[in-house]
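Protein chains in written order, with full-length UniProt numbering: chain G, 1 to 501; chain U, 1 to 499. To start, the structure itself, in C-alpha cells.
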Amino acid sequence: MTFDEGQGYVVLATIAVPLLAALILVFTPGSQKMAVRYISAVTGAILAALSIYIFTAYQVDGDQAQMNLRWTWVENTAFLGENGIALRLAVDGISALLALLTGVVAFAGALASWKIEYRNKDFYILYWILLAGVFGTFFAYDLFFFFFFYELAVMPLYLLIGVWGSTRKEYGAAKLTLMLVGGSVLIWIGIFAVFHQANIGTFDLPSLWAAGQNGAISPTAQKVIFPLMAVGCGVLAALWPFHTWSPDGHMSAPTAVSMVHAGVLMKLGAFGIIRLGIQLLPEGAEFWMPALMVLGTIGAVYGATAALTQRDFKLISGYSSVSHMGYVLMGLATMNTIGITGAVLQMFSHGVMTALVFLMIGALYDQAHTRDMKEFGGLAKVMPLWVIFYAIAGLANVGLPGFSGFTAEFHIFVGTFRTYPVFGALAIFAAALAAAYMLRMFATVFFGPTNPHWKDLKDLTPIERLSGAMLIASIVIMGVWWAPFTDRVGHTVTLLPGVTG
Amino acid sequence: MRDYALFIPEYIACGVALLIIAIELFAPKVRKDTLAYLTALGALAWFAAGLAFLDRDPKSYQGLFLSDDFTSFFRLLAAGIVFVVALMSAEFLKRHKGVDHGEFYGLLLVAGSAMTVMAGATELLTAYLALEVLSFSLYILVGILKRDLRSNEASLKYILLGAFSSALFLYGLSLVYGTAGTTSYAGIAEAYASRDSGLDPAVVVGLMLILAGVGFKVSAAPFHMWAPDAYEGAPLPITAFLSTLSKAAGFALILRLFSSAFVTDAETWRWAFLALAALTMTVGNLIAIQQKNLKRLVAYSSIGQVGYMLISIAALGYGDAQVGINATSGLLVHLVGYIVTTLALFSALTAAVNRTGSEEIAGLRGLAETQPFLALVITASLFSFAGLPFFAGFATKLFLLQGATTDETIWVVALAVLNSFISLYYYLMVIRQMYLFDPVGDASRYRVQPVLWGLAAVLLVGILFIGMYPGPAFEFSEQAARPLFDAASAAAAARVQAP
Chain G
1 MTFDEGQGYV VLATIAVPLL AALILVFTPG SQKMAVRYIS AVTGAILAAL
51 SIYIFTAYQV DGDQAQMNLR WTWVENTAFL GENGIALRLA VDGISALLAL
101 LTGVVAFAGA LASWKIEYRN KDFYILYWIL LAGVFGTFFA YDLFFFFFFY
151 ELAVMPLYLL IGVWGSTRKE YGAAKLTLML VGGSVLIWIG IFAVFHQANI
201 GTFDLPSLWA AGQNGAISPT AQKVIFPLMA VGCGVLAALW PFHTWSPDGH
251 MSAPTAVSMV HAGVLMKLGA FGIIRLGIQL LPEGAEFWMP ALMVLGTIGA
301 VYGATAALTQ RDFKLISGYS SVSHMGYVLM GLATMNTIGI TGAVLQMFSH
351 GVMTALVFLM IGALYDQAHT RDMKEFGGLA KVMPLWVIFY AIAGLANVGL
401 PGFSGFTAEF HIFVGTFRTY PVFGALAIFA AALAAAYMLR MFATVFFGPT
451 NPHWKDLKDL TPIERLSGAM LIASIVIMGV WWAPFTDRVG HTVTLLPGVT
501 G
Chain U
1 MRDYALFIPE YIACGVALLI IAIELFAPKV RKDTLAYLTA LGALAWFAAG
51 LAFLDRDPKS YQGLFLSDDF TSFFRLLAAG IVFVVALMSA EFLKRHKGVD
101 HGEFYGLLLV AGSAMTVMAG ATELLTAYLA LEVLSFSLYI LVGILKRDLR
151 SNEASLKYIL LGAFSSALFL YGLSLVYGTA GTTSYAGIAE AYASRDSGLD
201 PAVVVGLMLI LAGVGFKVSA APFHMWAPDA YEGAPLPITA FLSTLSKAAG
251 FALILRLFSS AFVTDAETWR WAFLALAALT MTVGNLIAIQ QKNLKRLVAY
301 SSIGQVGYML ISIAALGYGD AQVGINATSG LLVHLVGYIV TTLALFSALT
351 AAVNRTGSEE IAGLRGLAET QPFLALVITA SLFSFAGLPF FAGFATKLFL
401 LQGATTDETI WVVALAVLNS FISLYYYLMV IRQMYLFDPV GDASRYRVQP
451 VLWGLAAVLL VGILFIGMYP GPAFEFSEQA ARPLFDAASA AAAARVQAP
C-alpha cells in the first residue's frame, strides 16, 4: 500500500470507518438499542469531520488528484498488466465537494433514524455499508472499484426500503432495485467494452482516461459505449424517461434512506456521467451531449409539472428531485466550464436541501401518519420551528438568492444560455413552476386555517433540530460565500477533456 | 516405466471408500455419523496428498493420464467438495431411515476420484470410463432415499437420460477414432492437423455428438431436462454434490479435450459452444423465475451459471494461446467461486430444511427472524450468484467474462450481463421471503447444529474472501490453466519441426 503526502489514509478512513461501524454493530446485541444509536451517531460525526477535513485540505492550486492511496489487488496475471486492479483512491475538486455533501447528510441521516425501534441494529448496519459504498465511489480511481462501490451503495437499498419503509414498500423497493441494477448492467457491459477496446490490461482510471483521450479507445467505439454509460448512470440520476423508480422509491423509503438516497445516491449517477462519460469517453460525450441536454430539460420541466399535481409530500419531493436532477444533467450537457461547475454545485445544493425536506417530512409523518397535503393547514402555529426549517429548504429549492440553490442554478442557466438558449429558457420556466408548487405548499400547509385535528403535534425534537441545523448551515454557507465551493470544483472542471471555456 | 505413484491421492480416496463400506458391512451397529466424519477425514488426507502434487513437472501415465497442475486443481476441488458434502450429510441423513450410509459415503469418494481422472485423462476411453464411474455413482446417490418416490423417479429419469447421452458421447468418440485412427488426445490433434483433405463430415458429426454428451453432463440447454427433476428428487447434500462436482468434472473434461485434441477444428465447434452458451443462460434464467421449489430454483440458476461458463469454452476457439489462458483461468476461478457459493448455500439450506422440513421457497418465510445467521448466509450466496460486490461472484464473474471477451464473443458477454440482471430478480424473491415477511405461526428462534453452523460460517468467509481479495484464487487458477496451453504450444512446435 502506498500513501502520498501522508493524506491517503484520510480518504481510506471515510470508507473504513462506516464499514468498521457496521462490523461493530454486527457484534452489538440487538437489545442494546441506545448503544446502537450512539455508535451510529459517533460514526456519523467522524464521517462529517473527515469530509470537512478533506474539503478544506484540498489544495486549490495543487495537483488534480490529491490524497492518493494505492493498494495493489491483482496484477501481472494472464490479462492484467502491472497496473492491474488496485484499490486506488484520490480526491479531486469534484469529489471533495461531493464527499462533504455525503459526510453532512450521513450524519444528519444517522440522527434522523434515532426513532427507529424495529431492528434498528440491522438498519444501521445496512446504512453504514451503503455509505461506505458512496464514499468509495466518489474517491475511486480504479474502474473496477468504482463499479464495486457503486453497486455496494445500491444494494442495501432493497432491504432498507423493503423492511423499514412505508406505503407500498415492497413494490417501491423491488422497482427501485431492479431499475437501478438494470442501469448497472449497462455500465457493466460498458466496462467490458472499454477494457477490451483500450487493451492496456488495467482498470486504472487515469490510464483509461488517457486511453480515451489519445484515441486508444476509438471515436466510433466511444460513440457506441457512451450511451451505455450515460443511461446506466442516468437511471440513478433520475434521467427522464428512466426516472420512474424515483417517486415510488422515495415514497416508500424510511426518512434517513430518503435523505441519503435523494441527497447523495442520485448524485452518484451524475458523478458517474462525469467519470465514465466525459472523462473516459470524451468523443462519445461530445457526440451525445445534445441528446442528454434534451432529456435533462424534459426531466426538469416534467418533474416540476408533475410535482405541481401531487398531494403526498414525499411524491412532491420525489418529482421535484427529478426536476432538479434534470438541471444537473443540463449543466453537464453544456460541456462548458460554468455549466458543469453549476451542475456539480447543484448536486451539492440539491443534496443538502432535499435531505432537509425529507427530514422534515419524516418528522411530521412520525406523528401524523399521513403525508396528504390537503389534510394539513396552519402548521405554522403548531410547529413553528418545523415550518421555518421546511421554508428554508423550500426557498433554497426555488433558488432564492442567499441560498445554495441560487448559486448552483445561476451557474447552470448561464452555461445553458451560452450553448443552448432555447433550453435555457425552458429551464427557467421549470424554475418558475418550482416556485409555484412550493408557494402552494406554503399556503395550504403552513398557513391557512388550522385543522384542530393536528393541534397536539409536537415541534422538532432536539436531535432533529441538530440534524436540520447542519443541513441549513450548508445551504446558507454555499448561498452566501460560494468561493471555496466554486474554486475547488472549477479547479477540476476546467481540465476535463472537451470542456470549453 | 509405469508410474503408479501418480495416483497416490486417489488410492487414499478409494481406500477410505472401501474401508467405509467394509465397516458398515462388518459393524452394522456403528454410529452413522462416524462414517461421515471418517469420510471427511479421508477427504482431508486426499486433499493433503493432492497438495504434494502441485508445482511439479507434468508426468504422464502411459499416455492415458497426465498429472499436471490442471489435474491437481480439480483433485483439490474434488477433495474439498467431498469434505463439505460429507459433513453436510452427517446431519441430513440422521432424519432418513433406510439409507445405506456406507455406500453413500463411499460413493462420494469414488465420484470425486472419477473427477480427478476426468481432468487428467489424455485419452478418449480413459475419459469415457471416468465419466461413467462418476455417472453411475451419481445415479445411485440420487436415488439413495429408497422409500421416497420422488427420489426413485429422479434416479430413473437420470439413469435413462444419462444412458442416452452416454450413447451419444460414445458414438461421437467412435467417429473421432474412425477418422483419426487413435484415441489419444495428442494423436488426434496431430492426425487432424496433418490431414490433406478438408474437414471430414464424420468429424463434424463426431464433434457435435461429443458436445451433446458433455452438454448433458454439465446440464447445458437443450440437454438440461434431467437436472431440475434430479435436483428435486435427490437428498439435499447430493443436490449440492450434483451442482458442484458433476459440473466441475464436466468442465474439466471439456477443457482438456477441446483445448488439445480438437484444437485444429476450433472453427467447427466454437460457434456451437457460443450458441449453447447463449441458449443455456437464457433458458436457465428465464425458467428459474417461475420456480416455487428451492431445489428447482437452484437447478435452473445453476443452468444459467453453466451458460456463462460455456462462453469461456467458446472463447478457447477464438484466437491464440493467450486468449485460451485468459478464458480458461477465468473459467477456473469462477468455478471455485461458484462451488464455494453453492456449498455455502446448501449448508444453510440443509440446516433450515432440517428444521422446517419444507423445500419450498415459501418455507424460508421469516428466516431472518427465526435464524438470522442462516438468512445471512443464504443472502450472501444468492448475491454472490448474482455477481454483487463483496461476494465471490462479483470478482470471479468479472474475470470469467473479461477473460472470455473477444471481438467475436462480446455479444454473448453482453447477453450474460443481461442474464445476471434477470437472475437477480428471482434471487430477490427468495431474499424477500426471508427478510420482508414475518415467520408463519408461532415459529421462534432456533439453534443450528454446530457442524452445519461451522460449515456455513467457514464457507461464508470463503465467499467474502474470494470476493474481496480474489488475487490468490486467480493466481492459482492461472497456474492450473497454463499447462493446457504449454502442452498445446509444445505440440504445435513439434508439428512444425516434423518434416
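Here a beta-carbon is modelled for each residue, glycine too, at the ideal position from N, C-alpha and C. Bear in mind that the values here come from a model prediction, so they are computed numbers and not experimental data.
U/A17 versus U/V283 - alpha carbon distance:
About 38 Å.
Which residue or residues does DSSP assign as beta-bridge partners of U/E360?
Beta-bridge partners assigned by DSSP to U/E360: U/N293.
So, are the CB atoms of G/L268 and G/L228 less than 8 Å apart?
No.
Considering only C-alpha positions, which residue in the set U/A348, U/Q433, U/G363 is nearest to U/G454?
When each option's Cα is compared against that of U/G454, the closest is U/A348.
Which runs of the alpha helix (DSSP H), 4 residues or longer, sit entirely within the region 375-438 of chain U?
Fully enclosed alpha helix (DSSP H) runs of 4 or longer: 392-404, 410-435.
Find out if the Cβ-Cβ distance for the pair G/L159, G/Q222 is shorter than 8 Å.
Not a contact, by the Cβ cut-off of 8 Å.
Segment contact, 8 Å Cβ cut-off, at least three pairs: the region 299-306 of chain U with the region 225-237 of chain U
Yes: at least three Cβ pairs fall under 8 Å.
Burial state of residue 514 of chain G, where buried means 16 or more other Cβ atoms lie within 10 Å
With chain G running from 1 to 501 in the structure shown, residue 514 of chain G is simply not present.
Please say whether U/I210 and U/T341 have beta carbons closer to each other than 8 Å?
For U/T341 and U/I210, no; Cβs fall outside 8 Å.
Across which residues does DSSP place U/S184 in a beta bridge pair?
DSSP lists U/E123 as partners of U/S184.
Just how far apart, CA to CA, sit U/R31 and U/E24?
Between the C-alpha atoms of U/R31 and U/E24 there is a straight-line separation of about 10 Å.
Under 7 Å from the C-beta of G/H196: neighbouring residues of chain U:
Chain U residues near G/H196: T405, I410.
Measuring CB to CB, does G/L457 end up less than 8 Å from G/M360?
Their beta carbons are not under 8 Å apart, which means G/L457 does not touch G/M360 by this criterion.
Is the region 393-407 of chain G touching the region 427-443 of chain G in the sense that three or more CB pairs, one from each, lie closer than 8 Å?
The answer is yes - the region 393-407 of chain G touches the region 427-443 of chain G, with three or more Cβ pairs under 8 Å.
Contact set for G/A30: own chain, Cβ-Cβ below 6 Å, skip 5 residues either direction:
Note on identity: in this sequence residue 30 of chain G is Gly, with Ala being the wrong assignment. Correct list, in chain order: K121.
Is the region 423-431 of chain G touching the region 461-478 of chain G in the sense that three or more CB pairs, one from each, lie closer than 8 Å?
Segments in contact, no.
Go through its chain and collect everything with a Cβ distance to U/A449's Cβ below 6 Å, but skip five positions before and after it.
Checking the sequence shown, residue 449 of chain U turns out to be Gln, not Ala. Within the same chain, U/Q449 has close Cβ partners E91.
Distance between U/D55 and U/A314 (C-alpha atoms, nearest Å)
U/D55 has its alpha-carbon roughly 28 Å from the corresponding atom of U/A314.
Spatially closest choice to U/G206 from U/L168, U/Y185, U/F53, by CA coordinates:
When only C-alpha atoms are compared, the closest one is U/L168.
Using beta-carbon positions only, say whether G/M251 and G/T167 come within less than 8 Å of one another.
Judged by their CB atoms, G/M251 and G/T167 are nearer to each other than the 8 Å cut-off.
So for G/L69, helix, strand or coil by DSSP?
Strand, per DSSP.
What is the rounded straight-line gap between the Cα of G/T14 and the Cα of G/E286?
Here the C-alpha atom of G/T14 lies approximately 34 Å from the C-alpha atom of G/E286.
Short CB-CB distance (under 8 Å) between G/A174 and chain U
Yes, contact with chain U.
Considering only DSSP beta bridges, list what G/I85 is partnered with.
G/I85 is bridged by DSSP to G/V74.
Shorter than 7 Å, the distance from the beta carbon of G/G501 to the closest heavy atom of the ligand NAP, or not?
Questions concerning the ligand NAP fall outside what the structure shown contains, since it holds no ligand whatsoever.
Pair within 8 Å by beta-carbon distance, U/I188 and U/G337:
No, they are not a contact pair.
Does any CB atom of chain G fall closer than 8 Å to the CB of U/A498?
The predicted position of U/A498 is uncertain, since its pLDDT is 42 and thus under 50; no value can be drawn from it.
Using beta carbons (cut-off 8 Å, strictly below), is U/N326 in contact with chain G?
Cβ-Cβ to chain G under 8 Å: yes for U/N326.
Give the C-beta separation of U/T264 and U/S184 to the nearest angstrom, bearing in mind that I take them to be a contact with Cβ-Cβ under 8 Å.
Wrong, their Cβ atoms sit about 15 Å apart, outside the cutoff.
Could you compute how far the alpha carbon of G/V74 sits from the alpha carbon of U/T409?
Each residue's alpha carbon lies about 24 Å from the other.
Tell me the rounded alpha-carbon separation between U/R482 and U/F70.
Straight across, the Cα-Cα distance linking U/R482 with U/F70 is about 8 Å.
According to DSSP, which residues form a beta bridge with U/F65?
Answer by DSSP bridge pairing, in chain order: U/Y61, U/A121.
How far does the alpha helix (DSSP H) with U/W269 in it extend, from its first residue to its last?
DSSP places U/W269 in the uninterrupted alpha helix (DSSP H) bounded by 266-288.
Is U/A414 close to chain G, meaning its C-beta is less than 8 Å from at least one C-beta of that chain?
Yes, U/A414 lies at the interface with chain G (some Cβ there is under 8 Å from its Cβ).
Top-ranked residue by Cα proximity to G/P452, from G/A473, G/K381, G/T494
Proximity to G/P452 across G/A473, G/K381, G/T494 peaks at G/K381, based on C-alpha coordinates.
Please return the same chain residues whose Cβ sits closer than 7 Å to the Cβ of U/F74, not counting the five positions on each side in sequence.
Apart from sequence neighbours up to five positions away, the residues of its chain that approach U/F74 with a beta-carbon distance below 7 Å are M115, T116, A119, A248, A252, ordered along the chain.
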